[in-house]
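Participant: Please see the structure below; I have some questions.
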């Protein structure tokens, strides 16, 4: 659920900057950005790319140039030079224009001007020079400096900015030379290597560093909030039909929480997510009355409709600008509207009767009107642990949204009895809540019976790899935190046949998901992983006389980042094994790697071990 409807232009431009697959060598990359006195921006790009292998051509042709209603292509020339020196000019018929329509969008003003080069062999050099002109709605921009391909020569210059000029390099690329100029900055480098970030790295690590720049009036996050409030001030609010609908939905609801839940459910389920992105419409919402009448809108449309409905019901609410991403975050040290791509809603939490697991931070309850399942107690993980700009009282207030790992939960409970011949049989129950529960719900509600049966078997098979399943069933809960529960009868080989005491000889499956300890070795980049809670519960009835499990197999490791616990006990002929793994933080800096490694080692070592017994091991 990554919405690009709010800041679609900036987000897509970054996507296109990294569009070619890892290939070739960039001989020259030059970008000159000129901020003009009238607020327009000219951006000239010069690119020379050597194709080092035959497959490189398909990675660079066609080459996309992003344009939209507010961003025009002023000039473009392109050519390809073969290894024998012959220059092939790109003809006008090799230029095409494609409309870019995102998921859930009906129409968009975003377009790609594509350049298709003539087919040339390895060793050839592709050349493209173009200029685009833009009048940005917010006076800022950003340029990613490295990427998947090595760069022999890099030169990026921004100049001409006047009052309010500011810039920042976010991230690291070895060898960059930075020179500040009046109203500008120059970044240059030679011999930049191809970047290949390790697993679980932030998404921006593939570009190494980003140059952010801005100018003009907005200063600080308060200024960004003022800018947005002025932008939406022209949107008509408080229309009669919206007031009537709010009173109709809230009527008969006993308290604020119940009214809030009813109004949120209406906007989520009765107003479809559909976007029409044209010009300023990528930033400014349509009027709540219009969205209510047509029963569709994008993230900001739905957010403002919900705000107006809530306010009519006596519940204070404010728009929130946020980055919806599970592996990226806002650079809080450089206030800019271009870092956001989504709009949600903040409601002061006092007096709502909320629980500890509800998504509350800094006394605000955060609600995403675009979610299609779940109630107010669930916020999609892409919007958790993010910098959120609450636009309130004529300014912006930056607040970090909460992490609720306990509702992002997986539970596996297995209750089996082992027969004398060594086969275990019984029942397994698998429950998945939160994001994974919502994903399964989408498939279960629309899938054919045979597809659903296959999905349940695959879900169990991930944890019970050798089990045979019979009579699989499922149940769903779309209220509160979305959840699905799978049940099935299970059979599998559990012991060495005929062994004294018939001890279980299988390795109990892992339910966790902490980063492997080796991922942290020699690492300089943060680890980005989804917070979660996982619980494993085994109840095994053993046949005949049994010996007890060896002592010292209980594990309890817990710190600020998470926890891993294991408990093993025997009561009569019943063996109980319980494990609990929890990760409580998404973005983990290198300084915290020792803390993460402590729980990761405990989980990974325990998961690999078989149970030990007081008596002799079975054959």
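In the numbering used here, the protein residues as written are 1088 to 1706. Ideal placement from N, C-alpha and C gives every residue a C-beta, glycine not left out.
Note down, one range per segment and in chain order, each alpha helix (DSSP H) of at least 4 residues found wholly within the region 1105-1147.
Facilitator: 1143-1147
Participant: Can you tell which of 1666, 1520, 1638 has the C-alpha that lies nearest to the C-alpha of residue 1651?
Facilitator: As a working mapping, residue 1651 is identified with position 564 in the chain shown. That would be 1666, whose Cα lies nearest to the Cα of residue 1651.
Participant: Return the CA-CA distance between residue 1389 and residue 1375, expressed in angstroms with no decimal places.
Facilitator: If you number the chain shown from 1, residue 1389 lands on position 302. If you number the chain shown from 1, residue 1375 lands on position 288. Roughly 8 Å between the two C-alpha positions.
Participant: For residue 1518 and residue 1308, I'd like the C-alpha separation in whole angstroms.
Facilitator: Counting from 1 along the chain shown, the entry for residue 1518 is found at position 431. Counting from 1 along the chain shown, the entry for residue 1308 is found at position 221. Using only the alpha carbons, I get a separation of about 41 Å.
Participant: Could you please give me the residues that DSSP links to residue 1163 through a beta bridge?
Facilitator: Within the chain shown, numbered from 1, the residue matching residue 1163 stands at position 76. Bridge partners of residue 1163: 1217.
Participant: Should residue 1539 go down as buried or exposed, given a rule of 16 or more other Cβ atoms within 10 Å for buried?
Facilitator: Here residue 1539 refers to the residue found at position 452 of the chain shown. Buried, by the Cβ-count rule.
Participant: Hey, which unbroken runs of the alpha helix (DSSP H) at 4 residues or more fall wholly within the region 1496-1557?
Facilitator: 1522-1533, 1536-1550
Participant: Between which two residues does the alpha helix (DSSP H) containing residue 1467 stretch?
Facilitator: As a working note, residue 1467 is residue 380 in the chain shown. Segment: none, residue 1467 is in no alpha helix (DSSP H) and carries neither H nor E.
Participant: Let me check one thing: in DSSP terms, what residues is residue 1626 bridge-paired to?
Facilitator: Here residue 1626 refers to the residue found at position 539 of the chain shown. Answer is 1502, 1663, bridged to residue 1626.
Participant: Would you identify the three-state DSSP class for residue 1653, choosing helix, strand or coil?
Facilitator: To locate residue 1653, count along the chain shown from 1; it is residue 566. In this structure, residue 1653 counts as strand in the three-state DSSP scheme.
Participant: Using DSSP's beta-bridge definition, name the partner residues of residue 1573.
Facilitator: Locating residue 1573 in the chain shown gives position 486, counting from the first residue. By DSSP's assignment, residue 1573 forms a beta bridge with 1517, 1561.
Participant: How long is the line joining the alpha carbons of residue 1254 and residue 1145, rounded to whole angstroms?
Facilitator: For the purposes of this step, residue 1254 is identified with residue 167 of the chain shown, where counting begins at 1. For the purposes of this step, residue 1145 is identified with residue 58 of the chain shown, where counting begins at 1. Whole-angstrom Cα-Cα distance: 35 Å.
Participant: Going by DSSP, what residue range makes up the alpha helix (DSSP H) through residue 1336?
Facilitator: Within the chain shown, residue 1336 is the residue found at index 249, counting from 1. Element bounds for residue 1336: 1327-1337.
Participant: Is residue 1199 near residue 1152, with beta carbons less than 8 Å apart?
Facilitator: By one-based count along the chain shown, residue 1199 stands at place 112. By one-based count along the chain shown, residue 1152 stands at place 65. Going by C-beta atoms, residue 1199 is nearer than 8 Å to residue 1152.
Participant: Taking the alpha carbon of residue 1296 as the reference point, which residue from 1668, 1258, 1331, 1303 has its own alpha carbon closest?
Facilitator: Mapped onto the chain shown, residue 1296 falls at position 209. Cα-wise, what sits closest to residue 1296 is 1258.
Participant: Quick one: measure Cβ to Cβ for residue 1302 and residue 1486, integer angstroms, because I've assumed they're closer than 8 Å.
Facilitator: Counting from one through the chain shown, the residue named residue 1302 turns up at place 215. Counting from one through the chain shown, the residue named residue 1486 turns up at place 399. Rounded, the Cβ-Cβ distance is 26 Å, inconsistent with contact.
Participant: In whole angstroms, give me the CA-to-CA distance for residue 1405 and residue 1494.
Facilitator: Residue numbering aside, residue 1405 sits at position 318 when the chain shown is read from its first letter. Residue numbering aside, residue 1494 sits at position 407 when the chain shown is read from its first letter. Straight-line Cα distance between these residues: approximately 25 Å.
Participant: Would you kindly report the start and end of the unbroken beta strand (DSSP E) that includes residue 1672?
Facilitator: If you number the chain shown from 1, residue 1672 lands on position 585. No beta strand (DSSP E) holds residue 1672; DSSP gives it neither H nor E.
Participant: Check residue 1584 in the structure and name its three-state DSSP category.
Facilitator: Translated into the one-based positions of the chain shown, residue 1584 becomes position 497. Low confidence applies here, because residue 1584 scores a pLDDT of 45, under 50, leaving its location unreliable; read the following figure in that light. In the structure shown, residue 1584 sits in coil (DSSP, three-state: anything other than H, G, I, E or B).
Participant: How big is the Cα-Cα spacing for residue 1474 and residue 1419?
Facilitator: Translated into positions along the chain shown, residue 1474 becomes position 387. Translated into positions along the chain shown, residue 1419 becomes position 332. Cα-Cα distance, rounded: 7 Å.
Participant: In the DSSP assignment, the alpha helix (DSSP H) including residue 1645 goes from what residue to what residue?
Facilitator: As a position in the chain shown, residue 1645 is number 558, starting the count at 1. Residue 1645 -> not in any alpha helix (DSSP H); beta strand (DSSP E) instead, spanning 1642-1645.
Participant: Okay, do the region 1280-1290 and the region 1611-1627 touch, 3+ Cβ pairs below 8 Å being the bar?
Facilitator: yes
Participant: Contact between the region 1595-1612 and the region 1621-1633: three or more CB pairs below 8 Å?
Facilitator: yes
Participant: According to DSSP, is residue 1691 helix, strand or coil?
Facilitator: Working through the chain shown from its first residue, we reach residue 1691 at position 604. Three-state result, residue 1691: helix.
Participant: Taking residue 1345 as the reference, which of 1689, 1241, 1441, 1687 has the closest Cα?
Facilitator: Counted from its first residue, the chain shown places residue 1345 at position 258. Residue 1345 has its Cα closest to that of 1441, out of 1689, 1241, 1441, 1687.
Participant: For residue 1461, I'd like the list of residues in its chain whose CB is within less than 8 Å of its CB, leaving aside the five on either flank, ordered along the chain.
Facilitator: Taking the first residue of the chain shown as 1, we reach residue 1461 at position 374. Same-chain partners within the cutoff: 1525, 1565, 1566, 1567, 1568, 1569.
Participant: Exposed or buried, what is residue 1702 when buried is set at 16 or more other beta-carbons lying within 10 Å of its beta-carbon?
Facilitator: The residue given as residue 1702 occupies position 615 in the chain shown. Looking at its Cβ environment, which holds fewer than 16 other Cβ atoms inside 10 Å, residue 1702 is exposed.
Participant: For a quick check, are the C-beta atoms of residue 1176 and residue 1162 less than 8 Å apart?
Facilitator: Here residue 1176 refers to the residue found at position 89 when the chain shown is read from its first residue. Here residue 1162 refers to the residue found at position 75 when the chain shown is read from its first residue. No, the pair does not count as a contact, with Cβ atoms beyond the cut-off.
Participant: Looking only at its chain, what residues have a beta carbon closer than 8 Å to the beta carbon of residue 1470, apart from the 5 residues adjacent to it on each side?
Facilitator: In the chain shown, the residue the question calls residue 1470 occupies position 383. Result list for residue 1470: 1409, 1411, 1429, 1431, 1453, 1455, 1488, in chain order.
Participant: Could you check how far apart the C-beta atoms of residue 1648 and residue 1671 are, in whole angstroms? I think they sit under 8 Å.
Facilitator: Along the chain shown, one-based indexing puts residue 1648 at 561. Along the chain shown, one-based indexing puts residue 1671 at 584. Indeed, because the Cβ distance is near 6 Å, the residues count as touching under 8 Å.
Participant: Taking C-beta to C-beta, are residue 1637 and residue 1692 nearer than 8 Å?
Facilitator: Here residue 1637 is taken as the residue at index 550 of the chain shown, counted from 1. Here residue 1692 is taken as the residue at index 605 of the chain shown, counted from 1. Cβ atoms of residue 1637 and residue 1692: not closer than 8 Å.
Participant: In whole angstroms, what separates the C-alpha of residue 1373 from that of residue 1210?
Facilitator: Along the chain shown, read from residue 1 onward, the residue named residue 1373 stands at position 286. Along the chain shown, read from residue 1 onward, the residue named residue 1210 stands at position 123. Spanning the two alpha carbons is a distance of roughly 52 Å.
Participant: Return the CA-CA distance between residue 1140 and residue 1247, expressed in angstroms with no decimal places.
Facilitator: Here residue 1140 corresponds to residue number 53 of the chain shown, with the count starting at 1. Here residue 1247 corresponds to residue number 160 of the chain shown, with the count starting at 1. About 40 Å.
Participant: Spatial neighbours of residue 1710 within its chain, please: C-beta separation below 7 Å, excluding the five flanking residues on both sides.
Facilitator: In the structure displayed, the chain extends from 1088 to 1706; residue 1710 sits before or after that span and is not available.
Participant: Determine the direct distance from the alpha carbon of residue 1515 to that of residue 1541, and round the result to whole angstroms.
Facilitator: Walking along the chain shown from the start, residue 1541 turns up at place 454. Walking along the chain shown from the start, residue 1515 turns up at place 428. Spanning the two alpha carbons is a distance of roughly 16 Å.
Participant: Could you check where the beta strand (DSSP E) with residue 1266 kicks off and where it finishes?
Facilitator: For the purposes of this step, residue 1266 is taken as residue 179 along the chain shown, with counting starting at 1. Here the beta strand (DSSP E) through residue 1266 covers 1264-1268.
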